[in-house]
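One structure is given here, and the rest of the page talks about it.
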Amino acid sequence: MLVGLATGALLTLGLIVRVHGAVADAKDRLLTPETNKPAVAIADQSEVGYCTPRFKEVLERVLHSCGLVSGEGGRRGCQPSDVKTFASISDSDFNELFTPLKNRGAVVMYDEGKDDLDANEKKLLEDMWFERKGARYFFVVARASKTGTVDKNRALSHRRANSVLFHLKDVSKDPEIEKTVGLLWLGNEFAQLSKEYCGWNNSRPESKCNEEVINRSAFVSWVDCRL
Amino acid sequence: MGPRFAPMSEPHSKGPAVVALIGSLLGLVFSYSSTVDYAAHLDRRLHDVHCSFIPGAPPTSEAEACRAAMYSPYSAVMRDSIWGGIPISVFALGAFAFFASFALYLLLARQKASRVNVLLFAAVSVTPLIVSAIMFTISVTKLGTLCKTCVGTYVASAMLAAGGLMGLRTLRPSVHGTERPEGQPLIAVFWLVMLGVVTLLPTIVYAASAPDQRPYLGKCGELKKPEEPSGALVKFRGSRAVQPALLFEDPLCPTCKALHERLVGEGVLERLDVTLSLFPLDNTCNWMLSDQSLHPGACLVSRAILCAKGQALQMLEWAFAEQTTLTAAGKMGEPALKARIAQRWGQGLADCTDSRDTKATLNKHLHFAAENNVPVSTPQVFLGKRRLCDEDTDLGLRFTLKQLAPEVLQ
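Here you go:
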């Protein structure tokens, strides 16, 4: 019996030491910062290759100057003079920035002097809108052709940008859309599109396209950049 | 004259004591392994667990059955007052040490061991088997899985009980006419007290040594934007809800399923007013996983949950219950998975998963995660704005709730 008792005492003592040791080791590790802690990815909006520092710089200026980031409301969008001022960028460089969005965005075409959207344009717009994926901002860059006065075209491109926003409000029912959509209207004063943009995805692929026609438009695209 | 072998049940046979001793030692090894695994998690880090029929085999990362058992409400007691509770295996550790010592005594003492001692050993040796039977039933009926280390302990308990009960046959008079001494009945009381002491000692040491986890609770981040402005997130309110909670879940994520089962098992889910943000780890809709889909098909099942509207919780629970088959179907492609959904929930709901609005709603769920910069992992639990650390949603669930939202446990 003594052997059994001694064995039991030794076993119990040994177990107590081991249990205490295992818990104490864990306690030591708990108090010691983990050096090789595996990095955990953090959820965020998407960021793709075209988000160069220059692109993001212009993007950031647009967002701040056009009232998106502050979220204070009141001011919606940027007109040509704003764009010229804040972008500090030439017409061609401005357009060049949007080149990587060729396959992400589309050109919504309008009739001369008009700002209303027909069924094709609405569908294209909705197709673009609902392909959001991980993008944070949706850009609308409206233009007008050279025909007519500067003031008239400035107002016309403003209405075109708004027609896009209003339709998106209707279909999205998104209460935060004002913080998502950036509007720029350039009239016929800044960054006119060349004829080569006729090859971009647009709402009137069957129609004749030239420099006049392609500028009666609103270029729309999600922008997959983080700021 | 040939050698004489005593049958195992002969009065002077060593067999019963040897069987009981081997069973006790095996039980000791398995319960020690479980205890060390459990204690390792007190550092709040991720660890592999030992899950093998071979005692001492190295830990593997594919020990989900053992992990499920470890995280379940049945693996420990006093979870409210000690982070992780006191694992049942620590009690087993002490008990098997007692049984091993007693079996060794019976083996060495043989006929000199008193009848009282043999009877007592037979009586108490079945207790681990009774506990094992209860735990086996729980494993099969509640967890739906059997952990190898646990099975090892069940087998060890069965061997111990067999040895103890076979020992009763050694009470008969031997062929040599030698009788066992009767022994003092009071000695039985002494042994019972010793069994209690030896069982409780490691438990007391474990509880006394366990680190204070309170400073670490709720230190894993906060929501930056707690509201999803368009109301896209899924809501379901428990029948006795007292605490708002936000869950990020993937219907095809096994850990989410395990968490859900723990919440239901602990009676916590019915006390929560849940907002569910679906976060499928499937790159067909989730841009945050650029190269790989961890759970192919999770986007489609998530859209099905959105389409279920008022039955979202039932759909989620169906997805968890059918996770294995849905995961297999997801790997085969969308048509196979959609067929499974249509079979159970109807073609209308399956069609709804393809609608533009449904896809847009799921996209809003993902943007909600992005806006809040939560880790790209599931599940995640937020109480109010505060994120619970992953370790506080598994081993430390009850303790954490007791500290941060005690009304949930009432």
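Residue numbers (the working numbering), protein chains in the order written: chain A, 1 to 227; chain B, 1001 to 1410. Backbone N, C-alpha and C fix where the C-beta goes; we use that ideal spot for every residue, glycine too. None of the values given here were measured: they were computed from a predicted structure.
Practice problem: Spell out the partners DSSP gives residue 182 (chain A) in its beta bridges. | Solution: DSSP, once it has assigned bridges, lists A:139 as partnering residue 182 (chain A).
Quiz item: Can you list, in chain order, the residues of its chain whose CB lies under 6 angstroms from that of residue 1148 (chain B), leaving out five sequence neighbours each side?
Solution: Closer than 6 angstroms at the Cβ level, and outside the excluded window around residue 1148 (chain B), lie 1051, 1052, 1053.
Exercise. Step through the CB atoms of chain B and report whether any lies within less than 8 angstroms of the CB of residue 214 (chain A).
Key: Taking Cβ atoms only, chain B never reaches closer than 8 angstroms to residue 214 (chain A), which makes this a no.
Quiz prompt | DSSP bridge partner residues for residue 202 (chain A) (one or two, in chain order) | solution = According to the DSSP secondary-structure assignment, residue 202 (chain A) is paired through a beta bridge with A:107.
Quiz item: Roughly how many angstroms lie between the CA atoms of residue 135 (chain A) and residue 19 (chain A), to the nearest whole one?
Solution: Going by the C-alpha atoms only, they are around 52 angstroms apart.
Quiz item: For residue 20 (chain A) and chain E, any beta-carbon pair shorter than 8 angstroms?
Solution: The chain inventory of the structure shown lacks chain E, comprising the protein chains A and B.
Quiz prompt | Distance, residue 47 (chain A) Cα to residue 1406 (chain B) Cα | solution = One C-alpha to the other measures close to 42 angstroms.
Self-check item: For residue 191 (chain A), the three-state DSSP class (helix, strand or coil)
Solution: When secondary structure is reduced to three states using DSSP, residue 191 (chain A) falls in the coil class, being assigned neither helix nor strand.
Exercise. Following the continuous alpha helix (DSSP H) through residue 1235 (chain B), name the residue where it begins and the one where it ends.
Key: Not the alpha helix (DSSP H): residue 1235 (chain B) falls in the beta strand (DSSP E), residues 1234–1237.
Practice problem: Below 8 angstroms CB to CB, which residues in the same chain sit around residue 1093 (chain B) once its five sequence neighbours on both sides are set aside? | Solution: Correct list, in chain order: 1028, 1031, 1032, 1035, 1202.
Quiz prompt | Continuous beta strand (DSSP E) stretch holding residue 1249 (chain B): start and end | solution = That run of the beta strand (DSSP E) goes 1243–1249.
Quiz item: Listed in chain order, which residues of the stretch 1387–1407 of chain B have Cβ atoms closer than 8 angstroms to some Cβ of chain A?
Solution: Per Cβ criterion, the list is empty.
Quiz item: Secondary structure at residue 149 (chain A), three-state DSSP: helix, strand or coil?
Solution: If DSSP states are grouped into helix, strand and coil, residue 149 (chain A) belongs with coil.
Practice problem: Classify residue 1347 (chain B) as buried or exposed, calling it buried when 16 or more other Cβ atoms lie within 10 Å of its own Cβ. | Solution: Residue 1347 (chain B) is exposed by the Cβ-count criterion.
Quiz item: Given that a residue counts as buried once 16 or more other Cβ atoms are within 10 Å of its Cβ, and exposed if not, what is residue 1372 (chain B)?
Solution: By the beta-carbon neighbour count (other beta carbons within 10 angstroms, threshold 16), residue 1372 (chain B) is buried.
Quiz item: residue 1077 (chain B) CB to nearest chain A CB: under 8 angstroms?
Solution: No, no contact with chain A.
Practice problem: List the residues of chain A whose Cβ lies closer than 7 angstroms to the Cβ of residue 1361 (chain B), in chain order. | Solution: Within 7 angstroms Cβ-Cβ: nothing; residue 1361 (chain B) doesn't reach chain A, min ~11 angstroms.
Quiz item: Assuming residue 252 (chain A) contacts residue 1109 (chain B) under a Cβ cut-off of 8 angstroms, what Cβ separation, rounded to an integer in Å, is found between them?
Solution: Residue numbering for chain A in the displayed model covers 1 to 227; residue 252 (chain A) lies beyond these limits and cannot be assessed.
Practice problem: From the DSSP output, read off the bridge partner residues of residue 228 (chain A). | Solution: With chain A covering only 1 through 227, there is no way to say anything about residue 228 (chain A).
Practice problem: Alpha carbon to alpha carbon, how far is residue 223 (chain A) from residue 181 (chain A)? Give it in angstroms, no decimals. | Solution: Cα to Cα, the separation comes out at about 10 angstroms.
Practice problem: Please classify residue 1255 (chain B): does DSSP put it in a helix, a strand, or coil? | Solution: Three-state result, residue 1255 (chain B): helix.
Practice problem: Give the residues of chain B in contact with residue 221 (chain A), contact being defined as C-beta atoms less than 7 angstroms apart. | Solution: Ordered by position in chain B, no residue passes the 7 angstroms Cβ test against residue 221 (chain A), which lies about 16 angstroms from the chain.
Self-check item: Contiguous beta strand (DSSP E) assignments of at least 3 residues, all confined to the stretch 1355–1384 of chain B
Solution: Counting whole runs of 3 or more residues, the stretch 1355–1384 of chain B contains the beta strand (DSSP E) stretches 1380–1383.
Quiz item: What do you get for residue 89 (chain A), buried or exposed, if any count of 16 or more other CB atoms within 10 angstroms of its CB means buried?
Solution: Buried, because 16 or more other Cβ atoms sit within 10 Å of the Cβ of residue 89 (chain A).
Exercise. Express the C-alpha separation of residue 1336 (chain B) and residue 1210 (chain B) in angstroms, rounding to a whole number.
Key: Spanning the two alpha carbons is a distance of roughly 49 angstroms.
Quiz item: Nearest chain B C-beta to residue 35 (chain A) closer than 8 angstroms, yes or no?
Solution: No, residue 35 (chain A) lies away from the interface with chain B (no Cβ there is under 8 angstroms from its Cβ).
Self-check item: Three or more C-beta pairs below 8 angstroms linking the stretch 1243–1262 of chain B and the stretch 1365–1379 of chain B
Solution: Yes: at least three Cβ pairs fall under 8 angstroms.
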